[in-house]
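Participant: If you read the sequences in order, they're chains A and B. In terms of the numbering used here, the first sequence opens at residue 1 and continues consecutively. In terms of the numbering used here, the second sequence opens at residue 1001 and continues consecutively. Structure provided below as structure tokens; questions to follow.
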Amino acid sequence: MSWIYLTSGLFLGWSLGANDAANLFGTAVGTKMLRFRTAAIVGSIFVVLGAVAGAQGTSRTLGRLGAIDAPAGAFMVALAAALAVVLLLTKSGLPVSITQAIVGAIVGWNLFTGRPTDLTTLGQLVSSWLISPLLAAVFAGVLFALTRAALRRLKVHLLEVDAWTRGALVAAGAFGAFSLGQNDIANVMGVFVRVSPFPETTRFGPFGATSVEMLFLLGGIAIAVGICTYSHRVMLRLGSGLTSLSPLGALIVVLAAATVLFVFGSPDLQRLVRACHLPGWPLLPVSATQAVVGAILGISVVRRSGIRANVLGRIALGWLVAPVAALGIALVGLFVLQNVFELPVSATPRPAAAAGVVAGTPAS
Amino acid sequence: MTILFRRTRALEAQIDQFLDAVSEGCLVFEQGVDDYLRHDEASFEERRKAIGVFEAKADELRREVETRLYAESLIPDHRGDVLGLLENLDNVIDQAKRTLGQFEVERPDVPEDLAPDYLALARACTQATQHLVDACRAFFREITAVRSHIHKVYFFEKEADRLADSLKRKVFAKDLELARKIHLRYFCLHVETVSDRAEEVADRLAIYTIKRTI
């Protein structure tokens, strides 16, 4: 039975692959600098690698926000986030943040079960929604200015710039996919960590994988399937997005967004920073969508080019609506699971006062 | 790294060869006009054949470059601009070849005192084409230098206009048969058209340059 609960996480992973991988490779594929097949293969391999290698930092943060301890609860939280994303994506036609949706859904579970929400963690997550696009904008702006200056100084032939850009787009896409897997796997599988159906250790010949690693491997594969099966359509749609980008601009966007995902998702980088006695920062699942939008804005500021304000406004509105919609869907879904299907959405009974308020049923 | 860029370098070389062919063809045009005006028939015939060779070479190179750009999906964001640039540049050498051919067929009887004016006009046109070729080279390698070359193209095109206007006035002020005057005016127009073609390409290049600024 517990395996069935994972399906909502896999669905969320699939939609993350379809949506966020399109953000990473969209312009490269749209401008025909990269073939979709190349983008899909590179993206799939590196997203799985990123998901398995060192992804636990960001999932711990989500665990602090809401320690979901029942498979049915985890199922509905992931499903609520996926539904919110897919509904908003199909309604508005613009990329929506899965990170925000899952945070909204977890808060919904906390409210429903009467668990306290860790406001410090929530504050960190919400502030990251502002900081990550800003950081991506700064990275992209600086990279763009440096690249433009270097090209003017080095006098590289147009065809050589093209050849370098193609190679760099593959490398940056791989880095982006790795960072996406590392950072966003927590959004996909983080809620299942405490209720994983995998045994403590799974052996593959001489190699062994922990229960969490197997969970993240499965989530990574779900993201890869999303990349291969549906991201092409989203990529083609990105052409009418915020602003027009050259392939070189697209490369800078991918690099800046991937760097932001890496900075917030890499435990190794954290260790390195702390080893140098520098102040660290919390590992947070940040949105690739937001980072990409921030990076595009950064380039537009340096280039002093126009931004389609109405598209930007709709994206910002999507960011506000996504967590609220996921929270609402989670509340309704958890209520249905508990009261109609009589499935426990939490391993521990909820406090009486909270149950009365949130679930709308008299406390017994 | 060499292997990675071998194909790119080969295409770069082809583009450079194309620009060389256009440049040399236009220089030969000026020499051909000079030979005609000096009545050096043997040398004129040699120049006329040479410009034909350069024009054919430019055509062949242009087609190869166009095919490779499309077949290998290179520079997708600038491919249309580069193709437009090469095709319009090819029109410049076509015009130079056609004009030299018209000298050979129609044999205009240029009065001795007007020969230096015709030569000055041909020189101004050639200068415009040479700066145009430099502008095109800069478009591929040094985008910031394009504007200064284009500026010179415009300068020599205006100079050619001025010289052509002055020459036509001199022709019609002379005591010649009307048919001869009209014939001489046509040759003034033919030569001047080379700089007009160069200006048309420069106009396009100015737009392409703005688009290339990432």
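Every residue, glycine too, gets a C-beta built ideally from N, C-alpha and C.
In the DSSP assignment, find the unbroken alpha helix (DSSP H) run with T1126 (chain B) in it and report its ends.
Facilitator: Looking up residue 1126 (chain B) in the second sequence gives position 126. It spans 1115 to 1141 - the alpha helix (DSSP H) in which T1126 (chain B) sits, taken as one unbroken run.
Participant: With DSSP collapsed to three states, give me the class of T210 (chain A).
Facilitator: As a position in the first sequence, residue 210 (chain A) is number 210, starting the count at 1. T210 (chain A): strand per DSSP, three-state reduction.
Participant: From B:K1170, B:L1083, B:A1013, B:G1084, pick the residue whose C-alpha is nearest to that of E1112 (chain B); which is it?
Facilitator: Taking the second sequence and counting its residues from 1, the one referred to as residue 1112 (chain B) is at position 112. Ranking the options by Cα distance to E1112 (chain B), first place goes to B:K1170.
Participant: Does the separation of the CB atoms of T99 (chain A) and N187 (chain A) fall below 8 Å?
Facilitator: For the purposes of this step, residue 99 (chain A) is taken as residue 99 along the first sequence, with counting starting at 1. For the purposes of this step, residue 187 (chain A) is taken as residue 187 along the first sequence, with counting starting at 1. Yes. Within cutoff.
Participant: Look up T113 (chain A) in the DSSP assignment and say whether it is helix, strand or coil.
Facilitator: What you label residue 113 (chain A) is simply residue 113 of the first sequence in a count that begins at 1. DSSP places T113 (chain A) within a helical segment (H, G or I) once states are collapsed to three.
Participant: As a quick exercise: from A:F204, A:F36, A:V293, pick the residue whose alpha carbon is nearest that of F139 (chain A).
Facilitator: Along the first sequence, read from residue 1 onward, the residue named residue 139 (chain A) stands at position 139. Checked all of A:F204, A:F36, A:V293; the closest Cα to F139 (chain A) is A:V293.
Participant: Strictly below 7 Å CB to CB, what residues from chain A border D1077 (chain B)?
Facilitator: Taking the second sequence and counting its residues from 1, the one referred to as residue 1077 (chain B) is at position 77. Near D1077 (chain B) (Cβ distances below 7 Å), the residues of chain A are T31, S246, P247.
Participant: Give me, in chain order, the residues of the same chain whose beta-carbon lies closer than 6 Å to that of F175 (chain A); leave out the 5 immediate sequence neighbours on both sides.
Facilitator: Within the first sequence, the letter at position 175 stands for residue 175 (chain A). Contacts found: A258.
Participant: Classify C228 (chain A) as buried or exposed, calling it buried when 16 or more other Cβ atoms lie within 10 Å of its own Cβ.
Facilitator: For this step, residue 228 (chain A) is matched to residue 228 along the first sequence. Flag for C228 (chain A) reads buried.
Participant: Per DSSP, what are the beta-bridge partners of T201 (chain A) in this structure?
Facilitator: As a working note, residue 201 (chain A) is residue 201 in the first sequence. For T201 (chain A), which the question treats as bridged, DSSP gives the partners A:T210.
Participant: Pair every Cβ in the stretch 100 to 118 of chain A with every Cβ in the stretch 69 to 79 of chain A, then say whether three or more of these pairs are closer than 8 Å.
Facilitator: Verdict: yes, contact present.
Participant: Going by CA-CA distance only, name the one from B:E1041, B:I1210, B:D1165, B:F1018 that's closest to T1190 (chain B).
Facilitator: Position 190 of the second sequence, counted from the first residue, corresponds to residue 1190 (chain B). Thr is not the amino acid found at residue 1190 (chain B); the sequence shown has His there. The residue with the shortest Cα to Cα distance from H1190 (chain B) is B:D1165.
Participant: Tell me which same chain residues have a C-beta within less than 6 Å of the C-beta of I1075 (chain B), skipping the five on either side of it?
Facilitator: Walking along the second sequence from the start, residue 1075 (chain B) turns up at place 75. Around I1075 (chain B): no qualifying Cβ.
Participant: Could you name the residues of the stretch 1130 to 1163 of chain B whose beta carbon sits closer than 8 Å to any beta carbon of chain A, in the order they occur along the chain?
Facilitator: F1139, F1140, R1141, E1142, I1143, T1144
Participant: Quick check: the Cα distance between R37 (chain A) and A21 (chain A), rounded to an integer number of angstroms?
Facilitator: Counting from 1 along the first sequence, the entry for residue 37 (chain A) is found at position 37. Counting from 1 along the first sequence, the entry for residue 21 (chain A) is found at position 21. Taking the straight line from one Cα to the other gives about 13 Å.
Participant: Check each residue of the stretch 50 to 80 of chain A: if its Cβ is closer than 8 Å to any Cβ of chain B, include it; give the result in chain order.
Facilitator: none
Participant: Pop quiz: D1016 (chain B) and R1062 (chain B) are said to be a contact at Cβ under 8 Å. What is the actual Cβ separation, rounded to whole angstroms?
Facilitator: Sequence index remark: in the second sequence, residue 1016 (chain B) carries index 16 (1-based). Sequence index remark: in the second sequence, residue 1062 (chain B) carries index 62 (1-based). Wrong, their Cβ atoms sit about 13 Å apart, outside the cutoff.
Participant: Given that E160 (chain A) touches chain B, what residues does it touch there, using C-beta distances under 7 Å?
Facilitator: For the purposes of this step, residue 160 (chain A) is taken as the residue at position 160 of the first sequence. Simply F1005, T1008.
Participant: Give the DSSP-derived three-state secondary structure of H1078 (chain B) in the structure shown.
Facilitator: Numbered from its first residue, the second sequence carries residue 1078 (chain B) at position 78. In the structure shown, H1078 (chain B) sits in coil (DSSP, three-state: anything other than H, G, I, E or B).
Participant: Can you tell which of A:W129, A:G249, A:M214, A:I223 has the C-alpha that lies nearest to the C-alpha of V161 (chain A)?
Facilitator: As a position in the first sequence, residue 161 (chain A) is number 161, starting the count at 1. It is A:G249 whose Cα lies nearest to the Cα of V161 (chain A).
Participant: Measure the alpha-carbon distance for E1200 (chain B) versus D1134 (chain B) and round it to whole angstroms.
Facilitator: Indexing the second sequence from 1 puts residue 1200 (chain B) at position 200. Indexing the second sequence from 1 puts residue 1134 (chain B) at position 134. For E1200 (chain B) and D1134 (chain B), the gap between their C-alpha atoms comes out near 15 Å.
Participant: Please name the residues in the stretch 135 to 156 of chain A whose beta-carbon is closer than 8 Å to at least one beta-carbon of chain B, in chain order.
Facilitator: Under the 8 Å Cβ criterion, the stretch 135 to 156 of chain A contributes F144, T147, R148, L151, R152, K155, V156.
Participant: How would you label P133 (chain A), buried or exposed, when you count the other beta carbons within 10 angstroms and need 16 or more for buried?
Facilitator: On the first sequence, residue 133 (chain A) is found 133 positions in, with the first residue counted as 1. Burial call: buried.
Participant: Counting only beta-carbon atoms, is A385 (chain A) nearer than 8 Å to chain B?
Facilitator: For residue 385 (chain A) there is no data in the structure shown, the boundaries of chain A being 1 and 364.
Participant: Between H1131 (chain B) and I1207 (chain B), what straight-line distance do the alpha-carbon atoms span, to the nearest angstrom?
Facilitator: If you number the second sequence from 1, residue 1131 (chain B) lands on position 131. If you number the second sequence from 1, residue 1207 (chain B) lands on position 207. Approximately 17 Å, taken between the alpha carbons.
Participant: Who are the near neighbours of M214 (chain A) in its chain, counting only those whose CB is closer than 7 Å to its CB and skipping five residues on each side?
Facilitator: Residue 214 (chain A) sits at position 214 when you count from the first residue of the first sequence. For M214 (chain A), where only same-chain residues beyond five positions count, the Cβ hits under 7 Å are F198, T202.
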